[in-house]
Amino acid sequence: MSTRNYDGWRRYGKWIKENHKNYQKQKQMQKLEQLPDPEKHQRLSFIKSGIRIVGYICLPFSIITATILLVTSEIVGIYEELV
Numbered sequence: 156m157s158t159r160n161y162d163g164w165r166r167y168g169k170w171i172k173e174n175h176k177n178y179q180k181q182k183q184m185q186k187l188e189q190l191p192d193p194e195k196h197q198r199l200s201f202i203k204s205g206i207r208i209v210g211y212i213c214l215p216f217s218i219i220t221a222t223i224l225l226v227t228s229e230i231v232g233i234y235e236e237l238v
């Protein structure tokens with residue numbers, strides 16, 4: 156192994172150490188950009204809970220209506236996770 160190759164690897168290792176923090180910050184920023192909007196998520200969660208409560212209240216009176224409401228609340232829940 157020649158000295159030139161070793162020196163190149165040493166400089167590469169130094170470059171990696173210097174730029175590792177920048178790389179980690181960049182990855183973290185990408186993750187933050189992909190986070191859901193907390194306001195929309197909270198609003199949809201409240202809507203889902205309201206539909207679910209109404210569905211359970213309707214349960215003794217109409218099974219079909221309650222089923223439709225509870226299935227609707229689950230669909231809203233799925234959409235909530237995608238926001």
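Going by our numbering, the first residue of the sequence shown is number 156, and it counts up by one from there.
Even glycine gets a Cβ: it sits at the ideal position worked out from N, Cα and C.
These numbers were taken from a predicted model, which means no experiment stands behind them.
Inter-residue distance for Leu214 and Phe201 is about 20 Å (C-alpha atoms, whole angstroms). Two segments are said to touch when three or more pairs of C-beta atoms, one from each, lie closer than 8 Å; by this definition the segment 166-180 does not touch the segment 203-213. By the neighbour-count criterion, in which a residue is buried when 16 or more other Cβ atoms sit within 10 angstroms of its Cβ, Gly163 is exposed.
Taking the C-beta atoms as reference points, Val238 is found nearer than 7 Å to Lys195. In this structure, the CA atom of Val231 is about 29 Å from the CA atom of Met184.
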